[in-house]
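Single-structure report; data block below.
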Amino acid sequence: MAVAPEQQLQEVSRKFQIYGQILHAETCKIGHINETYTATYDQGGTRVRYVHQKINRTVFRDPPAVMDNLQRVTRHLRAKLEAGPGADLTRRCLTLIPTRDGQPFYQDADGEHWRTFVFIEGVRTFEAAQTPDQAFEAGRAFGEFQGLLADLPGARLKETIPHFHHTRKRYEAFLSAVQEDRLNRAAQAREEIAWARRHEALADVLIDAQAAGKIPERVTHNDTKFNNVLLDSTSGKALCVVDLDTVMPGLALYDFGDMVRTTTSPTVEDELDLRKVRLHVPMFEALARGYLSSAGQFLTPAEKDFIVFSGKLITYTIGLRFLTDFLLGDVYFRVHRPGHNLDRCRTQFKLIDSIEEQESALVKLVRQIDGVGPRTRRPVSKRARKK
Ligand SMILES: Nc1ncnc2c1ncn2[C@@H]1O[C@H](COP(=O)(O)OP(=O)(O)O)[C@@H](O)[C@H]1O
Ligand SMILES: [Mg+2]
């Protein structure tokens, strides 16, 4: 018989500094990496909610390192927000609840790592941005996040997934999968393999620029999907960035590039009608405006020059990974139909074609947004201005 989540969480619930009694819990359907529960407690007659999360050990091999980064990052964000103006502190960054013996996580008898956050109330999350306003909010939120962490003190954060965005290594893995062709699938993907080879030069551009000291390493989020931004349910404005497991040293452009990949085409990742897959300029423009409204101050001119390129690069990297996984027999990304990973690869490569077709106009657009400076922010509404 299936055990209700609150039953499963009884033990976990007693390990953290929560001054209440668990009433019930639900699994959170958004997010596919960790196991996330929303738990309601009775605390002195008031209902309060917490998030209990079990860290995915297959993806994160070193959970204590993940938690160490997370603690440093959330403390810093909190201190920065406290020093600034404005209220709503516990809705604007994640608050980690320590265990009763002061640890950032609890390890159960099976060796699983559990952590607990204050549940942020009055928010909504969406799997994908639907409107330019939402794209703007996504860009703004992740730009602000990078900005707040720019002066994180102490040692370099740990790399929770080594070589996460290293396109050259992904390319090498792709080549060896083609060579091995263990399932005789290469023939089905002949066109995509040729496409990937033709675009090989994309792989080294940012790695080389970083090695040459042209673009700096920063503290970055590395999983900038829209469902990792909590939006205020009343105003629709981005409140808080979550999913901090991959926050580590990286390039600011990787964060922006993944936003371009996941936000600018009005289609799903496994769309079969490739004619529909394209970079939709109003979404890109809103994303870039949002991002530059918060990151425009600290990004260097060299970083800004790669803004459009970063969309191609990250899309290429993920496309390569889908293609490699197709050739290897779908061992990493879960598939729901034959050829699913090849379909996903095709949408990625199609999006890059679309970016390339519009590239010079997009580059111009970014320069224009950046050049306008403070006016890149959306106009203040009439009502707000009167106040
Ligand atoms: N503190 C929180 N308050 C409210 N909702 C949260 C909180 N933390 C996570 N969530 C919700 O749970 C979802 C999954 O959490 P996330 O940390 O992103 O896990 P995953 O790594 O599996 O994507 C988020 O997209 C968000 O909707
Ligand atoms: Mg998530």
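The opening residue of the sequence shown carries number 2 in the numbering used here; numbering runs sequentially from there. Using N, Cα and C, we set each Cβ at its ideal position, and we do this for glycine too.
Relative to ligand 1, is the shortest distance from any of its heavy atoms to the C-beta of residue i smaller than 7 Å?
{"i": "T37", "result": "yes"}
{"i": "T41", "result": "no"}
{"i": "V242", "result": "no"}
{"i": "L231", "result": "yes"}
{"i": "D259", "result": "no"}
{"i": "C29", "result": "yes"}
{"i": "D134", "result": "no"}
{"i": "D109", "result": "no"}
{"i": "D246", "result": "yes"}
{"i": "V124", "result": "yes"}
{"i": "V13", "result": "no"}
{"i": "L95", "result": "yes"}
{"i": "F120", "result": "yes"}
Would a C-beta distance cut-off of 8 Å place residue i and residue j closer than the cut-off?
{"i": "K313", "j": "L203", "result": "yes"}
{"i": "A197", "j": "L321", "result": "yes"}
{"i": "K159", "j": "M249", "result": "yes"}
{"i": "A362", "j": "E304", "result": "no"}
{"i": "Y20", "j": "R141", "result": "no"}
{"i": "L352", "j": "R262", "result": "yes"}
{"i": "A296", "j": "G144", "result": "yes"}
{"i": "P283", "j": "P133", "result": "yes"}
{"i": "T168", "j": "T318", "result": "yes"}
{"i": "V367", "j": "A289", "result": "yes"}
{"i": "E116", "j": "M68", "result": "Note that residue 116 is Arg in the sequence shown, not Glu. Cβ atoms of R116 and M68: closer than 8 Å."}
{"i": "Y107", "j": "K16", "result": "yes"}
For residue i, collect the residues of the same chain with a Cβ closer than 7 Å to its Cβ; drop the 5 residues on either side in sequence, then sort them by chain order.
{"i": "L82", "result": "L90, R93, C94"}
{"i": "A5", "result": "none"}
{"i": "R376", "result": "Any reading at R376 is ruled out, since the residue's pLDDT is 42, under 50, leaving its predicted position unreliable."}
{"i": "R125", "result": "L232, S234"}
{"i": "I34", "result": "N57, V60"}
{"i": "D344", "result": "D271, L273"}
DSSP has residue i in a bridge; who is on the other side?
{"i": "Q7", "result": "Strictly speaking, residue 7 in this sequence is Glu, with Gln absent from that position. Answer by DSSP bridge pairing: none, since E7 is not bridged."}
{"i": "Q298", "result": "Looking at the DSSP assignment, Q298 forms no beta bridge with any residue, so it has no partner."}
{"i": "E27", "result": "T39"}
{"i": "F17", "result": "T100"}
{"i": "Q22", "result": "D43"}
So, for residue i: in the same chain, excluding its five sequence neighbours on each side, which residues have a beta-carbon less than 6 Å away from its beta-carbon?
{"i": "T268", "result": "K277, V278"}
{"i": "K329", "result": "Reading off the sequence shown, one finds Leu at residue 329, where the question assumed Lys. Around L329: A178."}
{"i": "L14", "result": "The amino acid at residue 14 is misidentified as Leu; the sequence shows Ser. Result list for S14: I23, in chain order."}
Verify the contact flag: residue i, CB atom, against every heavy atom of ligand 2, threshold strictly below 7 Å.
{"i": "N57", "result": "no"}
{"i": "N228", "result": "yes"}
{"i": "G32", "result": "yes"}
Skipping 5 residues on each side, what residues in its chain have a beta carbon closer than 8 Å to that of residue i?
{"i": "T41", "result": "I23, L24, H25, A26, R48, V49, R50"}
{"i": "F127", "result": "Q135, F227, N228, L232"}
Is any heavy atom of ligand 3 found at a distance shorter than 7 Å from the C-beta of residue i?
{"i": "V49", "result": "Among the ligands modelled here, namely ligand 1 and ligand 2, ligand 3 does not occur."}
**Report entry** Unbroken stretches of the beta strand (DSSP E), 3 residues or longer, contained in the region 200-284
**Finding:** 219-221, 230-233, 239-242, 249-251
Report task. Entirely within the region 46-126 and at least 3 residues each: give me those beta strand (DSSP E) ranges in chain order. Result -> 47-55, 114-119
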